[in-house]
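S.K.: When the sequence shown is numbered by numbering that gives the first Met the number 0, its final residue is 230 and no position is left out of the sequence of numbers.
Idealized CB from N, CA, C, for every residue including glycine.
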Amino acid sequence: MQRTVKIHAHDSDAHVAMPIRRQLFAAATEFFGLMALLVLVVLVVRLDAVVLSDTISEDSVTETLHVVLTLCTGAIFAHAAVRHPQARAYLVCVATMCGLIVIRENDHLLDHVWHGFWKWPALALGLTGLALAMRFRGTLAVPFLQHFQTRSGTFMYCGFLLLVVFSRLFGTGALWEPVMGAAYDPRIKSIIQEGLELLGGALITYGAILGMLQRFGLDMDLHLYADDRLD
Numbered sequence: 000m001q002r003t004v005k006i007h008a009h010d011s012d013a014h015v016a017m018p019i020r021r022q023l024f025a026a027a028t029e030f031f032g033l034m035a036l037l038v039l040v041v042l043v044v045r046l047d048a049v050v051l052s053d054t055i056s057e058d059s060v061t062e063t064l065h066v067v068l069t070l071c072t073g074a075i076f077a078h079a080a081v082r083h084p085q086a087r088a089y090l091v092c093v094a095t096m097c098g099l100i101v102i103r104e105n106d107h108l109l110d111h112v113w114h115g116f117w118k119w120p121a122l123a124l125g126l127t128g129l130a131l132a133m134r135f136r137g138t139l140a141v142p143f144l145q146h147f148q149t150r151s152g153t154f155m156y157c158g159f160l161l162l163v164v165f166s167r168l169f170g171t172g173a174l175w176e177p178v179m180g181a182a183y184d185p186r187i188k189s190i191i192q193e194g195l196e197l198l199g200g201a202l203i204t205y206g207a208i209l210g211m212l213q214r215f216g217l218d219m220d221l222h223l224y225a226d227d228r229l230d
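1. Do you know offhand how far L122's Cα is from R214's?
2. What residue range does the alpha helix (DSSP H) around V81 cover?
3. Using 8 Å as the threshold, is the C-beta distance between L90 and A80 below it?
4. Spell out a yes or no on whether the segment 203-214 and the segment 145-154 are touching, meaning 3 or more CB-CB pairs, one atom from each, closer than 8 Å.
5. Spatial neighbours of F116 within its chain, please: CB distance less than 7 Å, with the 5 preceding and 5 following residues excluded, ordered by chain position.
6. So the alpha helix (DSSP H) E196 belongs to, where does it begin and stop?
7. What are the boundary residues of the alpha helix (DSSP H) that includes V91?
8. Going straight from the alpha carbon of A26 to that of W119, what length do you get?
9. Could you compute how far the alpha carbon of L229 sits from the alpha carbon of R103?
10. Could you give the C-beta distance for A94 and F76, rounded to a whole number, given that I count them as a contact under 8 Å?
11. Once the 5 residues before and after M0 are set aside, which same chain residues still bring their CB inside 8 Å of it?
12. Could you spell out where the alpha helix (DSSP H) holding V112 opens and where it closes?
13. So, for M233: in the same chain, excluding its five sequence neighbours on each side, which residues have a beta-carbon less than 7 Å away from its beta-carbon?
14. Got a sec? Which residues, its chain only, sit under 7 Å from D53 by beta carbon, not counting five neighbours each side?
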């Protein structure tokens, strides 16, 4: 004897609609949050360049905010390295990189000790991070791929490329001097470069916070590029 189960359309729609509404609300919140982040970067650069008449110097609001964001990102990954031993080497590497960026951005302060002093704390931090990564090297490759395949990883590594590659290439005087000719002002190059660096740092921090909430994808199966087809 066969049994049939009747499913009412309106009941099904009600069960499906609520999760979709929540997801749409979350997507809208994230969309407008990212929009606000972009606007904030422009406002900070405008504060320095227009209101404070600063050329984005080492003591500018833009530079200070960039350092603070990088410190927050490094703290997130350092804390995660303690909490997630299964990904310790990867998390330590990211935290170390953030620390090195902070030291390099504050070289003008460390130069008060003596010129070039920043290289020594950078070397000490780098060697410490390398030693930890080598000790836990079995927790490097897979956690990196797990995080890389997540949305948080996408934000983070796009921000990283924007910070270390695009800002350097797009903000170079070799590009803007031929374009502007006699009207070229070195401040333009500085404003563009530092603004892009701040945007990259903001995206990295956003990705780090999102990654912390998602446990850096460590609970996900590794399926990166598994669905890609070349034929």
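M.R.: Considering the structure as presented:
1. 30 Å
2. 60-82
3. yes
4. For the pair of segments examined, the segment 203-214 was found to touch the segment 145-154: the number of CB pairs separated by less than 8 Å reaches three.
5. L109, D110
6. DSSP places E196 inside the alpha helix (DSSP H), whose first and last residues are 185-212.
7. 87-104
8. 45 Å
9. Reliability fails at L229, whose pLDDT of 47 lies under 50, so the model's placement of it is uncertain and the value that follows must be treated cautiously. Those two C-alpha atoms are separated by around 42 Å.
10. 4 Å
11. Its pLDDT being 45, under 50, M0 is placed unreliably in this model, and the coordinates cannot settle the point.
12. Premise fails: V112 is in no alpha helix (DSSP H) and is neither H nor E.
13. Since the first residue shown for the chain is 0 and the last is 230, residue 233 is missing from the structure and cannot be characterised.
14. D47, S59
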